[in-house]
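I have placed the structure first, in the form of structure tokens, so that the comments after it can refer back to it.
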Amino acid sequence: MTKIATRDAYGRTLAELAATDEKLVVLDADLSKSTKTCDFAKVCPERFVNMGIAEQNMITTAAGLATVGKHVFCSSFAIFAAGRAYEQIRNAVAYPGLPVTIAATHAGITVGEDGATHQAIEDIALMRAIPGMTVIAPADALEAEQAVRLLAEYDKPAYLRLGRLAVESVMPEDYQFTIGKGHVLQDGTDAVIFACGLMVQEAMAAARLLADEGVSAAVVNIATIKPLDEELVIKMAKQCGAVVTAEEHNIIGGLGSAVAEVLAENCPVPMQRVGVADRFGQSGKPAELMVEYGLTPEVIAAKVKAAIARK
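Read in order, the letters of the sequence shown are residues 118 to 428 in the numbering used here.
What follows is the structure, given as structure tokens:
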């Protein structure tokens, strides 16, 4: 199976949009070869600006461009985009409600050898807490491409979470991404796994393991973490009676927290969370880190069985 990183799909799609969207402007904080905005710069250098290692300035510049009708994407690694520039995102972009997309790459622990300082495991929590901010974490290249195309015309602030690691293609070829809507990849009756980002492929693998043991697990891709598809979350929780969430993020403040908030108010059922258990990352190969931090199909399957046992 061909694997493509969501950051690669991001760069490729920006380059394609350059020919048709004359208002599209892309900013980068001196990481364009890694974030893949270099693809846009090659075909449209007049609307690309390398802001240097100055993420805060990049965000405020993006806000200014948005006020005069530009469709602005700005990129850096997630740890710098969401962390270093948080105040500017909050006050210069979100507070006035400007249509700027912060497309942050290299999110999560699968950044790998760069270690804890570069592994953003709290970015979803930071962005989700900002009023009016849309938060999207695509599962694969197809979904990333469609998200970029929609965000290029979006009239609200958005945070697009992208990964370094190549991931499996999990979405069907006829899939159409819609902001704010989840997608049932596999139906089930015993438990439901809500996942985002690269954890969707791990959730699908977990469902296959569970099927071998006679357990029917549904898998739902929640690409839009905010606004969350509350209707689908409640529907699937009622249908299955047990819930597991899976994310490459701290279990505090991310997808698991968002789902738990909805269930607590609307449909309390047994629930387990799979994610980084409130620890910093560390240097290592991505596959080894996934095992170290419990982000594997085996761990997801175990959590599903634990949730079912509490019914």
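Even for Gly, the Cβ is constructed at its ideal location relative to N, Cα and C. All of these numbers come straight from a predicted model, not from anything done at the bench.
Should residue i go down as buried or exposed, given a rule of 16 or more other Cβ atoms within 10 Å for buried?
i, result
"A246", "exposed"
"K355", "exposed"
"R278", "buried"
"T234", "exposed"
"R164", "buried"
"V143", "buried"
"V437", "The structure shown does not extend to residue 437, since the chain spans only 118 to 428, so no value can be given for it."
"F397", "exposed"
"K402", "exposed"
"I342", "buried"
Among the residues of its own chain, which have a CB less than 7 Å from the CB of residue i, if the five just before and after it don't count?
i, result
"S149", "C155, A158, N167"
"L259", "S286, M288, Y292"
"C357", "G305, T306, D307, A308, V309, A335"
"T413", "E319, M407"
"L268", "T218, A275, L277"
"A126", "A258, A261, E262"
How many angstroms separate the CA atom of residue i from the CA atom of residue j?
i, j, result
"N111", "I241", "Here the chain has residues from 118 to 428 only, and residue 111 is not among them."
"T340", "N174", "Looking at the sequence itself, residue 340 is Ala, so the reference to Thr does not match. Computed Cα separation, rounded: 29 Å."
"E409", "R427", "26 Å"
"A423", "T152", "38 Å"
"T218", "A198", "11 Å"
"L282", "G128", "14 Å"
"C161", "V317", "34 Å"
"G65", "A136", "Nothing about residue 65 can be reported from this structure: the residues present for the chain run from 118 to 428 only."
"A179", "P213", "13 Å"
Between residue i and the rest of its own chain, which residues show a CB-CB distance below 6 Å, the 5 nearest in sequence each way excluded?
i, result
"S211", "Note on identity: in this sequence residue 211 is Ala, with Ser being the wrong assignment. Here the set comprises I247, G249, M250, P274."
"K298", "D346"
"A323", "P414, I417, A418"
Does the beta carbon of residue i fall short of 6 Å from some heavy atom of the ligand MG?
i, result
"M244", "Here there are no bound small molecules, and the ligand MG is not part of this structure."
Residue i and residue j look like a contact to me (Cβ under 8 Å); what is the Cβ gap, rounded to whole Å?
i, j, result
"S404", "I368", "Going by the sequence as given, residue 404 is Ala instead of Ser. In fact, because the Cβ distance is near 21 Å, the residues do not count as touching under 8 Å."
Segments of 3+ residues assigned as beta strand (DSSP E) that fall wholly inside the segment 220-255: Runs of the beta strand (DSSP E) inside the segment 220-255: 251-253.
Unbroken stretches of the alpha helix (DSSP H), 4 residues or longer, contained in the segment 335-421: 347-357, 372-383, 403-409, all fully within the segment 335-421.
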